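Everything below concerns the one structure shown next.
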Amino acid sequence: MTDIDANAWVSSTHRPMGFAEFVVVIASIMALNPLAMDMMLPALPDISSAFHILTANRPQAVLSTFLIGFGIGQFVMGPLSDRFGRRPVLLGGMSLYCLASVFAIAAPSFETLLLARALQGLGTSATRVIATSIVRDCYAGRRMASVMSLAMMVFISVPVIAPSFGQAVMLLTQWRGIFIVLTLYGVMALLWSALRMPETLPMSERKSLAIGEVLGAYRQTVTNRQTLGYALAAGGVMGSLFAFVFSSQQIFTEVYGLGHYFPLAFAAIAGGTAVAGFLNAKFVGRIGMRAISHGALVGFVAAAGMMFVAAKTQLLPLPLFMALAALMMFAFGLMIANFTALAMEPQGHIAGTASSLYGSITTLLGIGIGTRIGQDYDGTLLPFATGFFLSTLAALAVVLVVEKGRLFKPHRMAGQ
């Protein structure tokens, strides 16, 4: 495949929707997940009080349960979309998300709330898988990476404002009001997708749901060195991101005493990911996915190592923590879209199933890592910094194995 071929459109089936609207719709679909995650951060203490939770780290389950539903759901959403098409699975998942949000509004107990959160996560698993599959249906190579970067720029911008938005909602109502907002946004995104997003998978490309064929597609995905390797690496860096999200409210309010101002500190750190997404979309076609993502991964490991040393020596004041965390989130923004594009590039013939399995691997691995780091929180920054460093160091080791020790080198024949 030449660069010209790789950068060309794979399909024009999303027309008459223009390029800009296409990117915005994909981003709005993907934003359901981070909105449902990060708007909840300011609400965790109030939820804990409302349900009389006494264990300090227990409220993190509001976040981790959502992600478990999100991770498990991705196993089935891809094969379903490869069989029945992208639209019905996407619209079905978004409908489930809206219903689960209503369920959460009326939750009478913490356990019921966790069930609603798991169903929300299950619904958003469709949006994540289908959005990636639709992009892969329509684009390939560096052009795919550019589209993913633009969508991820909007997607990653959401965590910057979501905690502050959640805090504002709570000032006007209380924690259940956040679910009202999530419901309204979900309905709006559902209607926009139903009216404007056409089917991008032609009937001739549909796959069977026969167990043998599905397992065969999974086998093709996990036995591809590039796909599996970048899925594992993405899971490692996702783990550090989830750990930051799970622990941020406690770190900023308990360690640094920021109180209700913690969403501002969270936004300052997360903002780097949005900037990185914009820069990646601008330069990935010229520099290449490997050069950018590998450089970002090395930078992430270096910053995480510095944070570990500073935490170990108890010399990690708020300005240094903010600077290092922002640098790592900036690096994350440069990595994640490129890792996704690199993993999906060999899987065009089974994009839905491959995207499904890729998403499950990265999410569940990230949840496992992030939950372990979050539950190890002991009132200090050392467990957090240690987990960051080890998880990203492992990601670097995996990438070195995948690339056979050669970093930064583009595979020009693959358009990368």
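If you read the sequence shown in the numbering used here, its first letter stands for residue -11, the second for the next number, and so on.
Backbone N, C-alpha and C define an ideal beta-carbon position, used for all residues, glycine too.
Bear in mind the structure is a predicted one, so any value in this text is a computation, not a measurement.
- Here the C-alpha atom of Pro371 lies approximately 30 Å from the C-alpha atom of Leu345.
- Counting along the chain, the unbroken alpha helix (DSSP H) around Pro307 starts and ends at Leu306 to Met332.
- Around the beta carbon of Leu42, fewer than 16 other beta carbons lie within 10 angstroms, which makes this residue exposed.
- Secondary structure at Gln208: helix, using DSSP grouped into helix, strand and coil.
- Put simply, of Gly174, Phe288 and Ala104 the residue whose alpha carbon is nearest the alpha carbon of Leu381 is Phe288.
- Distance from the CA of Val90 to the CA of Arg278, rounded to the nearest whole angstrom, comes to 43 Å.
- Counting other Cβ atoms within 10 Å of its Cβ, Lys195 reaches 16 or more and is therefore classed as buried.
- Thr359 sits close to Ser52, with the two beta carbons spaced by under 9 Å.
- Classified as buried, Glu333 has 16 or more neighbouring CB atoms from the shown chains inside 10 Å of its CB.
- A distance below 6 Å between beta-carbons, with the five flanking residues on each side excluded, links Ala383 to the following residues of its chain, in chain order: Ala221, Gly224 and Val225.
- Runs of the alpha helix (DSSP H) spanning 4 or more residues and lying entirely within the segment 15 to 76 occur at 20 to 26, 32 to 38 and 49 to 72, in chain order.
- The three-state secondary structure of Leu197, taken from DSSP, is coil.
- With respect to the C-alpha of Ala139, the residue from Ile324, Glu242 and Gly174 having the closest C-alpha is Ile324.
- Within its own chain, the residues whose Cβ lies closer than 6 Å to the Cβ of Ala264, once the five positions on either side in sequence are excluded, are Phe318, Gly321 and Leu322, listed in chain order.
- Straight through space, the alpha carbons of Ser236 and Ala291 are spaced by roughly 18 Å.
- Three or more beta-carbon pairs drawn from the segment 174 to 188 and the segment 82 to 102 are found closer than 8 Å, and the two stretches are therefore classed as touching.
- In the DSSP assignment, Leu178 falls within the unbroken alpha helix (DSSP H) covering Trp163 to Arg184.
- Across the set Leu353, Ile239 and Glu9, the C-alpha of Glu9 shows the shortest separation from the C-alpha of Val123.
- Unbroken alpha helix (DSSP H) stretches of 4 residues or longer found wholly inside the segment 75 to 105: none.
- The Cβ neighbour count for Gln238, taken over all protein chains shown within 10 Å, is at least 16; the residue is labelled buried.
- The Cβ neighbour count for Pro151, taken over all protein chains shown within 10 Å, is at least 16; the residue is labelled buried.
- Cβ contact annotation for Phe39 (same chain, cutoff 8 Å, sequence separation greater than five): Ser97, Phe98 and Leu101, in chain order.
- Less than 9 Å divides the Cβ of Val169 from the Cβ of Val157.
- If you ignore the 5 residues before and after Gly260, its C-beta comes within less than 8 Å of the C-beta of Ala314, Leu315, Met317, Phe318 and Gly321, all in its own chain and listed in chain order.
- The closest CA to that of Ala106, considering only Leu55, Ser348 and Arg213, is found on Leu55.
- Annotated three-state conformation of Gln302 is coil, per DSSP.
- When the beta-carbon positions are compared, Ala205 and Ile118 stay at least 9 Å from each other.
- Under the 10 Å beta carbon count, Phe63 is surrounded by 16 or more other beta carbons and is classified as buried.
- Taking the CA atoms as reference points, Ser228 sits about 16 Å from Ala299.
- Here Pro30 is buried, its C-beta having at least 16 other C-beta atoms within 10 Å.
- Here DSSP, grouped into helix, strand and coil, assigns Lys270 to helix.
- Boundaries of the alpha helix (DSSP H) harbouring Thr380: Leu370 to Val390, taken from the DSSP string.
- A Cβ-Cβ distance of about 5 Å is found for the pair Ala253 and Phe240, placing them in contact under the 8 Å criterion.
- Shown here for Thr120: same chain residues with a beta carbon closer than 6 Å to its own, the five before and five after excluded, namely Ser343 in chain order.
- Under the 10 Å beta carbon count, Thr112 is surrounded by 16 or more other beta carbons and is classified as buried.
- A straight-line Cα-Cα distance of about 6 Å links Ser348 and Ile60.
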